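Inspection log for the structure reproduced underneath, given as structure tokens.
Residue numbers (the numbering used here): 283 to 488.
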């Protein structure tokens, strides 16, 4: 069985193949979203705790949360369900999915490290992958840089470098969403004034 292990703190993930059945036994009969100690995987995994986030069986069918079985079931899925993306509005489809209980018939098991152990895992906890894009929403930019309401959010946007051969290096910034500017406040005041005007006019007509 292959274990696809990710560590959100560094943004890294690693695929390892485990052939020893005894090492995998700790994950059997466990449900998705269960936290399991990873000590059985080897000496370097001592102290690590992982969460089972999903997996695929040998035929490629994905595990679905809430289906309490080992085997495969046919479910009528619609928009908003996992394991299905509708192609048309209101479309529903009956699809085969696998239950949320882990057993030996899985080919890949997805795990997320929730607690780091004593030693570093090469390629997983010792390196950091920088985030390619920063936040776009004004409140999230404020939260990231710990800004107050008075600070100008536009100065703190994470810009993306665009380097092309033989051209001048330039950067690109995303459009900030939900940004409150004097113009936005003016529009709001105008909307409220117009609404009051309409109500007053309607009362006079009555």
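All C-beta atoms, glycine included, are put in the ideal place defined by N, C-alpha and C. These numbers were taken from a predicted model, which means no experiment stands behind them.
query                                                                                                                                                        : result
May I ask which residues mark the beginning and end of the alpha helix (DSSP H) holding residue 484?                                                         : 464-487
Which parts of the segment 400-459 are runs of the beta strand (DSSP E), unbroken and 3 residues or longer, counting only runs that do not cross its ends?   : 442-444, 452-454
With DSSP as the reference, please indicate the residues paired to residue 385 in a beta bridge.                                                             : For residue 385, which the question treats as bridged, DSSP gives no partner whatsoever.
Whose CA, out of 356, 375, 354, 355, lies closest to the CA of residue 362?                                                                                  : 375
Using 10 angstroms around the beta-carbon of residue 355, count the other beta-carbons present and answer buried if the total reaches 16, otherwise exposed. : exposed
Hey, how far is the Cα of residue 422 from the Cα of residue 433?                                                                                            : 13 Å
To the nearest angstrom, report how far apart residue 440 and residue 470 are at their CA atoms.                                                             : 28 Å
On the three-state DSSP scale, how would you describe residue 397?                                                                                           : strand
Mind checking which residues open and close the beta strand (DSSP E) that includes residue 380?                                                              : 375-380
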